[in-house]
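Before any comments, here is the structure.
There are 2 protein chains.
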Amino acid sequence: MPEERADPRQVRSREAMVTAATALLTEGGLEAVTHQAVAARAGVGRATVYRHWADLLGLRLAALEAGMPPLSPAPEDVRAASGAEPRAELVHYLRQLCERLDDAQAGAVLAAVLGGAQYDDGMQRLRLTVLTQIVDSLRPAVTAAVARGRLRADVTAETFAMTTVGPLVYQRFLAGARLGRDMVDAVVDAALRAWAP
Amino acid sequence: MPEERADPRQVRSREAMVTAATALLTEGGLEAVTHQAVAARAGVGRATVYRHWADLLGLRLAALEAGMPPLSPAPEDVRAASGAEPRAELVHYLRQLCERLDDAQAGAVLAAVLGGAQYDDGMQRLRLTVLTQIVDSLRPAVTAAVARGRLRADVTAETFAMTTVGPLVYQRFLAGARLGRDMVDAVVDAALRAWAP
DNA sequence: CCACTATGAGACAGGTTGACTCACAATGCC
DNA sequence: GGCATTGTGAGTCAACCTGTCTCATAGTGG
Numbered sequence: 001m002p003e004e005r006a007d008p009r010q011v012r013s014r015e016a017m018v019t020a021a022t023a024l025l026t027e028g029g030l031e032a033v034t035h036q037a038v039a040a041r042a043g044v045g046r047a048t049v050y051r052h053w054a055d056l057l058g059l060r061l062a063a064l065e066a067g068m069p070p071l072s073p074a075p076e077d078v079r080a081a082s083g084a085e086p087r088a089e090l091v092h093y094l095r096q097l098c099e100r101l102d103d104a105q106a107g108a109v110l111a112a113v114l115g116g117a118q119y120d121d122g123m124q125r126l127r128l129t130v131l132t133q134i135v136d137s138l139r140p141a142v143t144a145a146v147a148r149g150r151l152r153a154d155v156t157a158e159t160f161a162m163t164t165v166g167p168l169v170y171q172r173f174l175a176g177a178r179l180g181r182d183m184v185d186a187v188v189d190a191a192l193r194a195w196a197p
Numbered sequence: 198m199p200e201e202r203a204d205p206r207q208v209r210s211r212e213a214m215v216t217a218a219t220a221l222l223t224e225g226g227l228e229a230v231t232h233q234a235v236a237a238r239a240g241v242g243r244a245t246v247y248r249h250w251a252d253l254l255g256l257r258l259a260a261l262e263a264g265m266p267p268l269s270p271a272p273e274d275v276r277a278a279s280g281a282e283p284r285a286e287l288v289h290y291l292r293q294l295c296e297r298l299d300d301a302q303a304g305a306v307l308a309a310v311l312g313g314a315q316y317d318d319g320m321q322r323l324r325l326t327v328l329t330q331i332v333d334s335l336r337p338a339v340t341a342a343v344a345r346g347r348l349r350a351d352v353t354a355e356t357f358a359m360t361t362v363g364p365l366v367y368q369r370f371l372a373g374a375r376l377g378r379d380m381v382d383a384v385v386d387a388a389l390r391a392w393a394p
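Going down the list, the protein sequences come from chains A and B.
The first sequence begins at 1 in this note's numbering and counts up by one.
The second sequence begins at 198 in this note's numbering and counts up by one.
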C-alpha cells in the first residue's frame, strides 16, 4: 500500500471522520451517513468531509469498510489439528462470523450489503469482498474435511458456506434471532450431515 | 377488511401511486421512493401523495407491501400427494420463492427488509409478515414429512425454513447468483439429508 | 524562521421537503 | 339534471440540505 508521507492533520481528521461514519452507520443504517452528519459527529468542518470524499457513495463505502475488519485466523493449535478434526476450525470461523452478525456494527455492514448491493457498483465490489473473505476463511477447513472423508469429494468451500452462512444470515436478518454458540454448532452439524459422503 | 365506500378518484390515484412507488423501489431501492418521485412517476400532484401518506415511512411500506404479494398455494394434486411424498410440495414453495427472489420487484422488497429491518418499527413488522408467510407456507409439508418419517420428529417448519431459505437468500444476495431450479432441488435435498431421522 | 497546506467558518446558488392555500372538476345524492 | 361535497393539481412558501467556493488561521516540515 502506498502509505505516502501523510500530514498528521490529515490522518487525524480522517480517522475522526471514519469513526463518526461507522458510528452513524451502526446507529441509523446507511442512510444516516451523510457529509453533514459525519462532520457534526466528528467535530470537523463540513468542507473537510467533502475534501476527503467528494461523493456520498465513497463516504459510505469508507464507513462500511471500516466497520468490517477481516476475520482473524483460527489459533495455531486449532489449525494444526484441522487435518485430524476439521470441525473445530469450521466452528471457529462461523462463531466469529456470528459474533460479527450479532455485533451492531458489523451487523449493520452486512445488512447494508445485503440490502443495497444490487443498486450500486461500489456496493457490488464490497459484497464480493465480504463474500470472498468468508468463503476463503472456510476453505482450508473444508478442504481438510473433504480429504479426511467427512464431506463429499465434490463439496467446495462455496457450497459449504452456502449451507452454513446462509442459515445464520437467515436467523439474524429474517428471523430476527440472536445467534448463540449452540446455533453455530447445530448449523455446522446439519451441514456436515447434509454433505456427508 | 373495512372496504369503506371509496371515492373512485381516491382509489384511482392511490393505485397509480402505489404502482409508481413499487416501480421506483424495484429500480432504485428504498431510497428512490420519495413523495416527489412517486408524484412525478404517477402523474399526480405532489400534495396528493402527502395527503395519502403523511410520512415517508408509510409511503415506503406501502410500496414494499404491494411488491410482495402472498405466495400462491401448491396445486391440489401436489397437496393431496403430500402425505405420501412431501418433497414435491416443499420444492413447489421454494421454487416459487426463488422466482420471487430472482424477480426484480420482490427481490427489492426482500433486500430492503434484510437491509433495513433493524432501524425501523414498521420494517420490523414487515419483516415478520414476510417471515411468517414463508414459514407458514412450508409448515404443512414439513409436518407431513415428519409424520412420514422423512424428517426427524423435532424438526419444525422454522428449522426447515432456516436450512432451505437461508442458503437461497445467501446465494441470491451475498453470492449474487441467480437461482435456478436445480439450485432449489439441491438445497431441498441437502436439507432432507441434514434432518433425516 | 518560513513556505506550505489542511482545516474551520462562512457565503452562496440550487434543489428538496413539508405545510399550506385555492380554483377546479369529478363524484354521489336528491 | 342539478347541487353540495370532496379529492385533486398547481402553486406558494419557509426551512433545510447539498455541493462548491473563498478566506483567514494554525499546524506542519524543512
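Glycine included, each C-beta is placed from N, C-alpha and C at the ideal position.
Remember, it's a predicted structure, so these values are computed and weren't measured experimentally.
Within its own chain, the residues whose Cβ lies closer than 7 Å to the Cβ of R243/B, once the five positions on either side in sequence are excluded, are H232, Q233, A236, listed in chain order. At a cut-off of 7 Å between beta-carbon atoms, G43/A makes no contact with chain B. The C-beta distance from T26/A to A153/A rounds to 42 Å, too long to fall under 8 Å, and the pair is not in contact. Within the region 61-121 of chain A, the runs of alpha helix (DSSP H) that reach at least 4 residues and sit entirely inside it are, in chain order, 76-80, 86-102, 104-116.
In the structure shown, D136/A falls within a helical segment according to DSSP collapsed to helix, strand and coil.
Residues of chain A whose Cβ lies closer than 9 Å to the Cβ of Q315/B are, in chain order, G29, A104, G107, A108, A111, F173, G176. Interface annotation, T132/A: not in contact with chain B, CB-CB separation never under 7 Å. Nearest neighbour of L256/B by Cα position, chosen from M214/B, R324/B, A358/B, R297/B, turns out to be M214/B. Among the residues of chain B, none has a CB under 7 Å from the CB of A145/A; the nearest is roughly 15 Å distant. At a cut-off of 7 Å between beta carbons, G67/A makes no contact with chain B.
Close CB contacts of A147/A within its chain, under the 8 Å cut and outside five residues either way in sequence, are with G83 (chain order).
In this structure, the CA atom of Y247/B is about 36 Å from the CA atom of V44/A. Distance check between E76/A and each of A88/A, G67/A, E65/A places A88/A closest, using alpha-carbon atoms only. At least 7 Å separates the beta-carbon of S334/B from that of L261/B.
Residue-level contact check: L335/B does not touch chain A, since none of the beta carbons of chain A fall below 7 Å from its beta carbon. For A260/B, none of the residues of chain A pass the 9 Å Cβ criterion, the least Cβ distance being about 15 Å. Chain-order list of chain A residues neighbouring Y367/B: M162, V165, G166, V169, by C-beta distance under 7 Å. No Cβ-Cβ contact shorter than 7 Å links L311/B with L24/A.
With the rule of 3 Cβ pairs closer than 8 Å, the region 159-174 of chain A counts as touching the region 365-378 of chain B. T219/B has its alpha-carbon roughly 34 Å from the corresponding atom of L97/A. Each residue's CA atom was taken as its position, placing G28/A and A393/B some 42 Å apart. Per DSSP, the continuous alpha helix (DSSP H) segment holding Q10/A begins and ends at 8-28. When the five nearest sequence neighbours on each side are left out, the beta carbons in the same chain lying within less than 8 Å of the beta carbon of Q105/A are those of T22, L25, T26, G67, in order along the chain. Chain order gives the chain B residues near R193/A as R390, A391, where near means a beta carbon separation below 7 Å. Boundaries cannot be given for R349/B, as no alpha helix (DSSP H) includes it and DSSP labels it neither H nor E.
Between V288/B and V385/B, the C-beta spacing is below 7 Å. Here the alpha carbons of W53/A and P8/A stand approximately 18 Å from one another.
One alpha carbon belongs to R375/B, the other to D299/B, and they sit about 6 Å apart.
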